[in-house]
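Engineer:
Number of protein chains: 2
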Amino acid sequence: MYDTFQEYLDRKIQLNNDEKELIRSVSILKKLRKKQYLLQEGDVWKYHAFITRGCMRTYAVDDKGVEHIIYFGIENWWIGDRESLLSQTPSRLNIDAIEDSEVILFTDPNFEMICSKVPAFRDMVHTIISKSLNVNQNRVLSSISKTAEEKYLEFIQKYADFAVRIPQAMIASYLGIKPETLSRIRNAIARR
Amino acid sequence: MYDTFQEYLDRKIQLNNDEKELIRSVSILKKLRKKQYLLQEGDVWKYHAFITRGCMRTYAVDDKGVEHIIYFGIENWWIGDRESLLSQTPSRLNIDAIEDSEVILFTDPNFEMICSKVPAFRDMVHTIISKSLNVNQNRVLSSISKTAEEKYLEFIQKYADFAVRIPQAMIASYLGIKPETLSRIRNAIARR
DNA sequence: TAATTCGCTTGATATAGATCAATTTATTTA
DNA sequence: TAAATAAATTGATCTATATCAAGCGAATTA
Chain Z
-18 MYDTFQEYLD RKIQLNNDEK ELIRSVSILK KLRKKQYLLQ EGDVWKYHAF ITRGCMRTYA
42 VDDKGVEHII YFGIENWWIG DRESLLSQTP SRLNIDAIED SEVILFTDPN FEMICSKVPA
102 FRDMVHTIIS KSLNVNQNRV LSSISKTAEE KYLEFIQKYA DFAVRIPQAM IASYLGIKPE
162 TLSRIRNAIA RR
Chain V
-18 MYDTFQEYLD RKIQLNNDEK ELIRSVSILK KLRKKQYLLQ EGDVWKYHAF ITRGCMRTYA
42 VDDKGVEHII YFGIENWWIG DRESLLSQTP SRLNIDAIED SEVILFTDPN FEMICSKVPA
102 FRDMVHTIIS KSLNVNQNRV LSSISKTAEE KYLEFIQKYA DFAVRIPQAM IASYLGIKPE
162 TLSRIRNAIA RR
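Sequences listed follow chains Z and V, in order. The opening position of the first sequence corresponds to residue -18 in my numbering, with each subsequent residue numbered one higher. The opening position of the second sequence corresponds to residue -18 in my numbering, with each subsequent residue numbered one higher.
1) GLU64 of chain Z versus chain V: which residues are under 7 Å apart at the beta carbon?
2) ILE55 of chain Z to TRP59 of chain V, Cα distance in whole Å?
3) Which ranges would you report for the alpha helix (DSSP H) in the segment 43 to 77 of chain Z if only whole runs of at least 4 residues count?
4) Beta-carbon of SER126 of chain Z versus every beta-carbon of chain V: anything under 8 Å?
5) Can you tell me whether GLY23 of chain Z is buried or exposed? The criterion is at least 16 other CB atoms within 10 Å of its CB, across all chains shown.
6) Quick one: Cα of ILE109 of chain Z to Cα of VAL25 of chain V, how far?
7) Which value, in whole angstroms, describes the spacing of the CA atoms of ASN91 of chain Z and VAL84 of chain Z?
8) Could you tell me if LEU10 of chain V is buried or exposed, where buried requires 16 or more neighbouring beta carbons within 10 angstroms of its beta carbon?
9) Please list, in chain order, all residues of the same chain as VAL42 of chain Z whose beta carbon is under 8 Å from its beta carbon, the five residues on each side excluded.
10) Since VAL145 of chain Z meets chain V, which of its residues come closer than 8 Å, beta carbon to beta carbon?
11) Could you spell out the range, first to last residue, of the alpha helix (DSSP H) harbouring GLU161 of chain V?
12) Near ILE137 of chain V, which residues of its chain fall below 6 Å by C-beta distance, leaving aside the five closest residues on each side in sequence?
13) At 8 Å on the CB atoms, spell out the chain V contacts of ALA41 of chain Z, in chain order.
14) Could you give the C-beta distance for ARG14 of chain Z and ALA78 of chain Z, rounded to a whole number, given that I count them as a contact under 8 Å?
15) If I measure Cβ to Cβ from THR39 of chain V and keep anything under 6 Å in the same chain, skipping five residues before and after, which residues do I get?
16) State yes or no: is the beta carbon of GLN69 of chain V nearer than 8 Å to at least one beta carbon in chain Z?
17) Could you tell me which of V:LEU86, V:LEU20, V:SER82, V:ARG(-8) sits nearest to ASP62 of chain V, measuring between CA atoms?
18) Which residues, in order along the segment 31 to 56 of chain V, keep a beta-carbon less than 7 Å from a beta-carbon of chain Z?
19) Taking Cβ positions, are GLY35 of chain V and GLU(-12) of chain V nearer each other than 8 Å?
20) If I measure Cβ to Cβ from ASP89 of chain V and keep anything under 8 Å in the same chain, skipping five residues before and after, which residues do I get?
21) Report all residues from its chain with a CB closer than 8 Å to the CB of ARG5 of chain V; omit the five preceding and five following residues, and keep chain order.
22) Are the beta-carbon atoms belonging to ILE125 of chain V and GLY157 of chain Z less than 8 Å from one another?
23) In the DSSP assignment, the alpha helix (DSSP H) including LEU156 of chain Z goes from what residue to what residue?
24) If we count the other Cβ atoms within 10 Å of its Cβ and call it buried at 16 or more, is ALA153 of chain Z buried or exposed?
25) LEU163 of chain Z: which of Z:LYS139, Z:ARG146, Z:LEU134, Z:MET105 sits nearest, CA to CA?
26) Any idea which residues DSSP pairs THR88 of chain Z with across the strands?
27) For chain Z, check one thing: does any of its Cβ atoms lie closer than 8 Å to the Cβ of ILE110 of chain V?
28) Taking LEU134 of chain Z as part of the alpha helix (DSSP H), name the residues at either end of that continuous run.
29) Quick check on GLN138 of chain V - is its C-beta less than 8 Å from some C-beta in chain Z?
30) State buried or exposed for THR70 of chain V, treating a residue as buried only when at least 16 other CB atoms are found within 10 Å of its CB.
31) Would HIS107 of chain Z pass as an interface residue toward chain V - the criterion being a Cβ-Cβ separation below 8 Å?
32) Please name the residue, chosen from Z:GLY46, Z:GLU2, Z:THR(-15), that lies closest to LYS98 of chain Z on a Cα-to-Cα basis.
33) At the 8 Å Cβ level, is GLY157 of chain V part of the contact set with chain Z, yes or no?
Written out as structure tokens, the structure is:
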């Protein structure tokens, strides 16, 4: 299970054995069953989490009880609530497993310790956050400029690898449309 | 003009005189008239830009020629296209001045140099990017979960300080709704 | 100061997507 | 493997927002 993460690191940066061991020594392995929460609204998020297996989502629930998914993550993706972590305030978000999953957790102090002792790791993290910002900006642009169908086509093209693993209703939620609408859109696409 | 930036730095971090001078020595001051471009679609963005005066916007133009504003910036905000900068590819975005404005530019190499020589500066930058990611995630959430009116109310509440400086049609563009719709929404709010 | 342009409003109508309800199909669970 | 539950489809109707067009007032420009 840790192998997945080690391979990820090896692909991204070069580390000596001491550094590898330092990182490994503070990692916390956690298994999640389908539907199990990793973070529940109201709790304060304390970690940096890396998914080694499975599929997860981050979502908010509005006052009408409707879920709005803002993020999907699979193997080799990070997941968490940086806002809650940064401000140490109760999260407005939920994170749970769409499939049985495995994650590696680092407490924030340990994560910061790694960042300070392993510059390459710190740089990698900053690159990830920076790219993540780009992704989110593009998503904002799509959401204000595209039709429901365009958003869906962009989604399955961009996330072809895991789009098939996610229930349609969840994709609809992520796109900000209703499941019925997505069903009709797919139907319309299929019949041409 | 540089004072605004120096005061910003003083508010955020503690620097000795050498560090301050280092940063100042590589800053490029630039004035922009209303409507003047700082970045035009197709060009590669090369800088890190800080606004010391005025009001600016970042937007994309779709295939129908419609502008979609993804970002507003005023005094003490950073602006740019990190995606183009990072990948050194032509930008899909335009940045221009809504009011006569002044910006401070740092070339990417100089900016990186500052980051490496002044850790406090580097940390500040990472904090900004991290918070910016939060802001964008929240914006995604609003855009998939709120009505046009809710989005507008959130906008003027969140950006009360500069919302008044921005033409209504641009606010509509930022929210992903039509100017006519925003006009009607404001009307409806006013008459109750 | 008249003319022009721009930003905003208002009205009439159209439409994408939502809602509600009933089935059908697929997936879990007993 | 049957029963139960959840996910997806389909139809009818509704509604928020878009579109198109005209008009108005304020700000710029001639």
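Positions of the beta carbon are idealized from the N, C-alpha and C atoms, including for glycine. These numbers were taken from a predicted model, which means no experiment stands behind them.
Structural biologist: Quick look at the numbers:
1) ASN115
2) 32 Å
3) 63 to 68
4) yes
5) By the neighbour-count rule (16 or more Cβ atoms within 10 Å), GLY23 of chain Z is not buried but exposed.
6) Computed Cα separation, rounded: 21 Å.
7) 16 Å
8) exposed
9) So the qualifying residues of the chain are GLU22, GLU48, HIS49, ASN75.
10) Residues of chain V passing the Cβ test: none, with the nearest at roughly 22 Å.
11) Where GLU161 of chain V is concerned, the enclosing alpha helix (DSSP H) stretches over 160 to 171.
12) Only ALA144 meet the Cβ criterion.
13) LEU122, SER126
14) About 7 Å; that satisfies the 8 Å criterion.
15) ILE51, TYR52, LEU74, ILE76
16) No, GLN69 of chain V lies away from the interface with chain Z (no Cβ there is under 8 Å from its Cβ).
17) V:LEU20
18) ALA41, ASP43, HIS49, ILE51
19) no
20) Short of 8 Å from the beta carbon of ASP89 of chain V, and not among the five residues preceding or following it, lie these beta carbons of its own chain, in chain order: LYS27, TYR28, HIS29, LEU66.
21) TYR(-17), GLN(-13)
22) A contact, by the Cβ cut-off of 8 Å.
23) 149 to 156
24) buried
25) Z:LEU134
26) Z:TYR28
27) The beta-carbon of ILE110 of chain V is placed less than 8 Å from the nearest beta-carbon of chain Z.
28) 129 to 139
29) Closer than 8 Å: no.
30) exposed
31) yes
32) Z:GLU2
33) yes
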